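Asks:
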Amino acid sequence: MVKAVYPGSFDPVTNGHIDIIKRAARICDTLTVSVLNNKSKSPLFSVDERVNMLKDVCSELENVHIDSFSGLLADYVRENDINMVVRGLRAITDFEYELQMAQTNRKLVPFADTVFLTTSLEYAYLSSTTVREVASYGGDISQFVPDSIAKLIYDKLRQEH
Ligand code: ADP
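For the sequence shown, the positions run 0 to 160 when numbering that gives the first Met the number 0 is used.
#1: Does the beta-carbon of I19, which I'm using as the reference point, lie nearer than 6 Å to any heavy atom of ligand 1?
#2: Measure the CB-CB distance between N37 and Y122 and report whether it falls below 7 Å.
#3: How about L125: is its Cβ closer than 6 Å to a heavy atom in ligand 1?
#4: Does DSSP put K54 in a helix, in a strand, or in coil?
#5: Tell me whether Y122 counts as near ligand 1, meaning its Cβ is closer than 6 Å to at least one heavy atom of that ligand.
#6: DSSP three-state call for S141: helix, strand or coil?
#7: Who are the near neighbours of V144 in its chain, counting only those whose CB is closer than 8 Å to its CB and skipping five residues on each side?
#8: So, with DSSP's three-state summary, where would you put H160?
#9: Going by DSSP in three states, K38 sits in which element: helix, strand or coil?
#10: Would the C-beta of G137 count as close to ligand 1, meaning under 6 Å from any of its heavy atoms?
#11: Considering only residues of the segment 70 to 109, which uninterrupted alpha helix (DSSP H) runs meet the minimum length of 4 residues and lie entirely inside it, listed in chain order?
#12: With DSSP as the reference, label I65 as helix, strand or coil.
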């Protein structure tokens, strides 16, 4: 049985992430999308808000579950009997960091492999950072995130000002 995790910040979830989630869900038995509680970053959305956004956009995907974790991905993988880690690759700039992380994780948890899904071309440019930036200047993010998420982003940015 292939039990996979797709870890990330998802601050916020974008159409690029959703594309990876749907494609990953087809090649594993269960997929847990898990929000990393990274204390060194100051996120726009809290972990709970990000979990709820993911639950909303993944509600139709039967084998997809949403969770969060803090600390090492390797520990989370071991504790949850996960045997596949999914990551997305957009461009060569993602590659060096992703390769280093995959190799480190393989040393720490040899029974789990990292599988990379390459971005669909229409999302190759898309990142949570650009979505936050465009939205912060009032730009149109409707092509980048689902409508329900766009609304939450604008509401959050309004609260911050
Ligand atoms: P991080 O974990 O690097 O803080 P994110 O939450 O932005 O990042 O992304 C989680 C994973 O999704 C990473 O593997 C990242 O490369 C991938 N990803 C992000 N945006 C896209 C996209 N547009 N297409 C494909 N993969 C993506």
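Every residue, glycine too, gets a C-beta built ideally from N, C-alpha and C.
Note that the structure is a prediction, hence the values are computed from the model and not measured.
Replies: Taking the coordinates as given:
#1: It does: the Cβ of I19 is within 6 Å (strictly closer) of some heavy atom of ligand 1.
#2: Against a cut-off of 7 Å, the Cβ pair of Y122 and N37 comes out as no contact.
#3: Answer for L125: yes, Cβ within range of ligand 1.
#4: Helix at K54.
#5: Checking every heavy atom of ligand 1 against the Cβ of Y122, one is found closer than 6 Å.
#6: Residue state, collapsed to three classes: coil.
#7: Closer than 8 Å at Cβ, skipping near neighbours: P11, V12, T13, N14, V130, I152.
#8: Correct three-state label for H160: coil.
#9: Looking at K38 - three-state DSSP - the assignment turns out to be coil, as it is neither helix nor strand.
#10: No, ligand 1 has no heavy atom inside 6 Å of this Cβ.
#11: Positions of the alpha helix (DSSP H) runs, each at least 4 residues long and wholly inside the segment 70 to 109, are given as 72 to 78, 91 to 107 in order along the chain.
#12: Looking at I65 - three-state DSSP - the assignment turns out to be strand.
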